[in-house]
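Residue numbers (the numbering used here), protein chains in the order written: chain A, 4 to 169; chain B, 17 to 422.
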């Protein structure tokens with residue numbers, strides 16, 4: 004596979020892929036919001052400061068990454084910061100996908116909703132809220148989507164058992 | 017924690033310009049046109065839909081959580097159960113994702129067979145869509161015809177994997193078995209006659225005035241809305257967005273096949289109907305190319321620590337027996353990393369996000385299924401239209417509740 008190249012760390016990525024449209028746009032907009040970067044297995048991952056995600060989403064949208072595909076979370080319990088949010092965004096014109104990554108602390112996790120940028124994030128953010136308990140500020144209808152409304156707990160967290168009773 | 021319990025449409029003030037006669041109507045979860053257990057809460061003024069709110073989760077079984085407790089290979093049967101009308105597409109997407117994590121090279125024959133099977137799955141899925149969609153509209157006959165052809169596809173799948181629907185035929189690193197001797201002849205026989213069958217459906221529906229009137233100018237979705245609401249696949253192309261992962265971000269050697277991606281600028285249910293009919297014809301072309309140019313060689317990657325050995329070798333060679341035992345009891349470790357693999361499933365862009373922490377079980381598996389996002393666009397398509405159009409629209413966007421609720 005032609006995915007052999009791997010660059011880990013912001014400096015390495017900036018040095019080897021300075022012309023990547025998403026990186027260019029990000030640096031032009033707010034260099035300090037980009038805290039880390041990784042190019043691994045043919046996928047570009049940009050780590051964004053947690054309080055900047057909405058503007059970062061708008062920035063990559065303006066840079067040509069027009070189609071929001073997916074957002075989900077990964078629970079790295081018990082390490083800290085506990086949650087990782089992965090936004091996957093496709094560009095129809097560049098025929099390329101990037102991943103925006105946000106790290107969120109475990110205590111009362113909250114990030115800004117990107118539904119103002121892409122309304123399609125609505126259901127996905129509700130799902131993350133439901134199954135991980137991450138709050139999305141500014142979401143128009145942040146309710147549980149999979150589990151019943153009166154459910155206790157968030158099933159996809161790592162401290163929630165896979166089988167048996169809680 | 018949520019403060020409110022219940023459906024927000026019931027609690028919120030009535031829509032703007034509402035009169036006293038607004039009514040809230042529940043369609044589903046047990047409704048013949050809801051394609052599973054979808055509940056739509058519809059606020060209607062007379063027969064006009066004012067607001068619509070999809071309530072999902074009735075089929076939620078926590079597959080993503082279950083995956084975290086399984087070995088990588090054991091996840092494959094779970095993926096069948098997401099979009100149960102196109103199991104091979106789910107298998108393919110998952111296997112590609114894990115293979116990229118493992119940096120595994122897949123033999124050409126396996127790749128081509130995967131393409132062939134993915135396209136057969138597309139035919140299978142589109143046939144069910146066409147039959148049920150026409151049935152929702154009231155054209156019962158087509159259902160019988162489409163299921164006649166689908167039966168042949170299911171028999172081919174059964175000959176291949178021993179299962180009609182939950183095939184689990186794909187393996188990480190290739191395919192589970194060599195296809196049976198008559199497999200290629202059967203597929204050839206099927207696609208030789210299939211284009212005529214599409215003409216037959218078209219004869220039954222395209223000129224049918226009832227079908228036309230129920231679909232034309234109904235369920236309009238603009239290109240901008242399709243992108244904003246995350247709609248993909250034939251629904252998006254029916255609105256004029258020309259993007260297909262098979263052509264634009266090819267996987268599993270799709271770049272070696274020639275096919276057209278139909279688009280339409282109209283954006284109504286009729287455009288989606290036409291596009292899927294053309295897609296079926298294009299799938300037939302891809303299958304024909306795959307049959308004609310099918311490479312020779314193994315169907316499994318040369319990776320003894322990941323791919324199970326042949327039964328024969330396992331019984332005669334000590335080393336194969338050890339590998340077999342190790343893989344079955346301990347699984348195989350996958351290097352740390354994260355991969356998002358997108359494919360074009362029959363319903364649109366499917367994406368599997370697999371995160372590995374270096375052990376034999378996936379740390380996190382997330383499924384991006386096209387129907388989930390498409391459902392968000394339902395209100396946009398139905399607002400201001402007649403209640404009966406909701407049935408036509410739900411039929412035309414081709415959703416499967418198994419992959420929505422997961």
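Using N, Cα and C, we set each Cβ at its ideal position, and we do this for glycine too.
For secondary structure counted as the alpha helix (DSSP H) over 4 or more consecutive residues, the stretch 222-310 of chain B holds these complete runs in sequence order: 225-231, 239-244, 249-254, 261-264, 285-308. Your pair residue 124/B and residue 382/B does not check out as a contact, with CB atoms roughly 30 Å apart and the cut at 8 Å. The contact set of residue 44/A on chain B, defined by CB atoms closer than 9 Å, consists of 116, 117, 119, 353, 354, 355 in chain order.
Within 7 Å of the CB of residue 35/A, no CB atom of chain B is found; the nearest one sits about 24 Å away. A direct Cα-Cα distance of roughly 40 Å separates residue 365/B from residue 337/B. Between the stretch 146-158 of chain A and the stretch 125-133 of chain A, the count of Cβ pairs shorter than 8 Å is three or higher; the stretches touch. When only Cα atoms are considered, residue 384/B and residue 61/B end up about 35 Å apart.
In the pairwise beta carbon analysis, the stretch 404-412 of chain B is classified as touching the stretch 231-245 of chain B: at least three pairs are separated by under 8 Å. The C-beta distance from residue 25/A to residue 49/A rounds to 6 Å, short enough to meet the 8 Å contact threshold. Under a criterion of Cβ atoms nearer than 7 Å, no residue of chain A is adjacent to residue 95/B; the nearest Cβ is some 16 Å distant. In the same chain as residue 126/B, and ignoring 5 residues on each side of it, the C-beta atoms closer than 6 Å to its own belong to 190, 191, 315, in chain order.
In the assembly as shown, residue 283/B is a buried residue. Its beta-carbon has 16 or more other beta-carbons within 10 Å.
Near chain B, meaning a CB-to-CB distance below 7 Å, the residues of the stretch 139-159 of chain A are 144, 146, 147, 148, 149, 150, 152, 153, 158, 159. In the DSSP annotation of this structure, the continuous segment of the beta strand (DSSP E) that includes residue 89/A starts and ends at 86-94.
Within chain A, no C-beta atom comes less than 7 Å from the C-beta of residue 157/B; the nearest is roughly 36 Å away. Residue 388/B has its alpha-carbon roughly 8 Å from the corresponding atom of residue 126/A.
When C-beta atoms of the stretch 330-345 of chain B are compared with those of the stretch 200-214 of chain B, fewer than three pairs fall below 8 Å, so the two segments do not count as touching. In this structure, the CA atom of residue 293/B is about 19 Å from the CA atom of residue 416/B.
Taken through DSSP and simplified to helix, strand or coil, residue 342/B comes out as helix.
The beta carbons of residue 36/A and residue 55/A sit about 4 Å from each other, so the pair counts as a contact at 8 Å.
In the structure shown, residue 125/B falls within a helical segment according to DSSP collapsed to helix, strand and coil.
Residue environment for residue 99/B: buried (at least 16 other C-beta atoms within 10 angstroms of its C-beta). When DSSP states are grouped into helix, strand and coil, residue 217/B belongs to the helix group.
Around residue 396/B, the same chain offers 237, 241, 245 as residues with beta carbons nearer than 8 Å, after the five sequence neighbours per side are excluded.
By the Cβ neighbour-count rule, residue 69/A is buried, with 16 or more other Cβ atoms within 10 Å of its own.
At a cut-off of 7 Å between C-beta atoms, residue 13/A does not count as an interface residue with respect to chain B.
Rounded to whole angstroms, the gap between the alpha carbons of residue 407/B and residue 155/B is 13 Å. For residue 48/A, the pairing in a beta bridge is given by DSSP as 41/A, 102/A.
The continuous beta strand (DSSP E) containing residue 78/A extends over residues 70-78. Residue 65/B sits close to residue 401/B, with the two beta carbons spaced by under 7 Å.
Residue 223/B is classed as exposed because its beta carbon has fewer than 16 other beta carbons within 10 Å across all chains shown. Per DSSP, reduced to three states, the secondary structure at residue 173/B is helical. Taking CB atoms only, residue 98/A has a neighbour in chain B less than 7 Å away. Sequence-ordered contacts of the stretch 80-92 of chain A with chain B read 89, 91 [C-beta pairs closer than 7 Å]. Three or more beta-carbon pairs drawn from the stretch 366-373 of chain B and the stretch 342-356 of chain B are found closer than 8 Å, and the two stretches are therefore classed as touching. By the CB criterion at 7 Å, residue 356/B and residue 112/B fall outside the cutoff.
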